[in-house]
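Engineer: Dumping the structure here so I can ask a few things about it.
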Amino acid sequence: MIVMTKDTMQIVREQDVVPFRNRVREYAAKIGMSLVNQTKLITAASELVRNMLKYANGGKVLIEIISKNAQTGVRLTFIDEGPGIANVQQAMQDGFSTGKSLGLGLPGTKRLVNEFDIKSTLGEGTTVTVIHWKNGR
Amino acid sequence: MDRIPILKMGPFLLVTIQVDLYDRLALTLENDLISMVSQTGAKGVLIDISAVTIVDSFMGRILGNIASMSRIMDAETVVVGMQPAVAITLVELGLTLQGVYTALDVEKGMDLLYNKIGIIDVLEEDDQEEEPDDCND
Chain A
22 MIVMTKDTMQ
32 IVREQDVVPF
42 RNRVREYAAK
52 IGMSLVNQTK
62 LITAASELVR
72 NMLKYANGGK
82 VLIEIISKNA
92 QTGVRLTFID
102 EGPGIANVQQ
112 AMQDGFSTGK
122 SLGLGLPGTK
132 RLVNEFDIKS
142 TLGEGTTVTV
152 IHWKNGR
Chain B
344 MDRIPILKMG
354 PFLLVTIQVD
364 LYDRLALTLE
374 NDLISMVSQT
384 GAKGVLIDIS
394 AVTIVDSFMG
404 RILGNIASMS
414 RIMDAETVVV
424 GMQPAVAITL
434 VELGLTLQGV
444 YTALDVEKGM
454 DLLYNKIGII
464 DVLEEDDQEE
474 EPDDCND
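Line order of the protein sequences matches chains A and B.
Just so we're on the same page, the numbering used here is the position in the first sequence counted from 1, plus 21.
Just so we're on the same page, the numbering used here is the position in the second sequence counted from 1, plus 343.
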């Protein structure tokens, strides 16, 4: 896998969310992603960044354009140093939430992107990586 | 602080969302709308989201909240102009906006609102007419 462009954004306040979404859109548009796939990726990014603000008081996001087997895509890595998730498997279930939300965030996000990976250690933080390919497959 | 303007048009309130919402702005809109319904006795709320490119689970919940709250305050809510990419993303995310009326554009939304009010009026009249009939039987 080759990383072609790389950028990091700090997310500490709610106001950082809109510029972040715009940056993701910029990257997705740059590789010629269709509008539907752009919207899916940005919505997924919005869900994950909201989780990061809500549960970990922010963190940073790595935005990359990657290439693998002649495919181009956008990879987002959300890194926080929050409390971590006690039971990742449970958190990935539809309708489960420790907060007051609908519990669609993580499972819904996974449905929106092509590749989804989550690693969490209690007391250390959570890292979520998503990849969406240009053609959405 | 930023605010989304709410216009009163006859028995309805009209809101056009022209920017991508961040959380606080959406919550302010929810509050403002419900207060306006109470103050003006509006019978319907029309929310135009044709310029909105992202609806995530939070924003979806706000739309649902507005519809439920207005319903309790005796007003119907119609969301109009949703972009196709947004609709696709919402359903994949798992958010089906249950209980929220939708229409393709402002014109059809207005028709829907007039119909809702019209139908309710007709039904009430019918009820009143039927009662004496029952007594005669």
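Virtual Cβ for every residue (Gly too), placed ideally from N, Cα, C.
For clarity, every value in this text was computed on a predicted model and none was experimentally measured.
Between which two residues does the beta strand (DSSP E) containing residue 95 of chain A stretch?
Structural biologist: Run containing residue 95 of chain A: 92-101, per the beta strand (DSSP E) assignment.
Engineer: Check whether the segment 60-67 of chain A and the segment 430-441 of chain B are in contact - that is, three or more C-beta pairs closer than 8 Å.
Structural biologist: Contact holds: three or more Cβ-Cβ distances are below 8 Å.
Engineer: Would residue 367 of chain B pass as an interface residue toward chain A - the criterion being a Cβ-Cβ separation below 8 Å?
Structural biologist: Closer than 8 Å: yes.
Engineer: What residues in its chain sit with their C-beta under 7 Å from that of residue 68 of chain A, if we drop five residues either side in the sequence?
Structural biologist: For residue 68 of chain A, where only same-chain residues beyond five positions count, the Cβ hits under 7 Å are 126, 129, 130.
Engineer: Strictly below 8 Å CB to CB, what residues from chain A border residue 393 of chain B?
Structural biologist: Those do not exist, as residue 393 of chain B stays about 14 Å from chain A at its closest Cβ, beyond 8 Å.
Engineer: Closest Cβ-Cβ distance between residue 157 of chain A and chain B: below 8 Å?
Structural biologist: So, not an interface residue.
Engineer: Using a C-beta cutoff of 8 Å, does residue 424 of chain B count as contacting chain A?
Structural biologist: So, not an interface residue.
Engineer: Going by DSSP, name the residue or residues bridged to residue 141 of chain A.
Structural biologist: For residue 141 of chain A, which the question treats as bridged, DSSP gives the partners A/147.
Engineer: Could you list which residues in chain B have their beta carbon closer than 9 Å to that of residue 97 of chain A, in chain order?
Structural biologist: Within 9 Å Cβ-Cβ: nothing; residue 97 of chain A doesn't reach chain B, min ~14 Å.
Engineer: Going by C-alpha to C-alpha distance, which of A/92, A/58, A/144, A/139 sits closest to residue 429 of chain B?
Structural biologist: Here the closest residue by C-alpha is A/58.
Engineer: For residue 148 of chain A, collect the residues of the same chain with a Cβ closer than 6 Å to its Cβ; drop the 5 residues on either side in sequence, then sort them by chain order.
Structural biologist: Answer for residue 148 of chain A: 100, 140, listed in chain order.
Engineer: Name the one or two DSSP bridge partners that residue 352 of chain B has.
Structural biologist: Its beta-bridge partners are B/355.
Engineer: With 8 Å as the threshold, decide whether the Cβ of residue 435 of chain B is near any Cβ in chain A.
Structural biologist: True, the Cβ-Cβ gap to chain A drops below 8 Å.
Engineer: At the level of alpha carbons, what is the spacing between residue 89 of chain A and residue 23 of chain A?
Structural biologist: Their backbone Cα atoms lie some 7 Å apart in a straight line.
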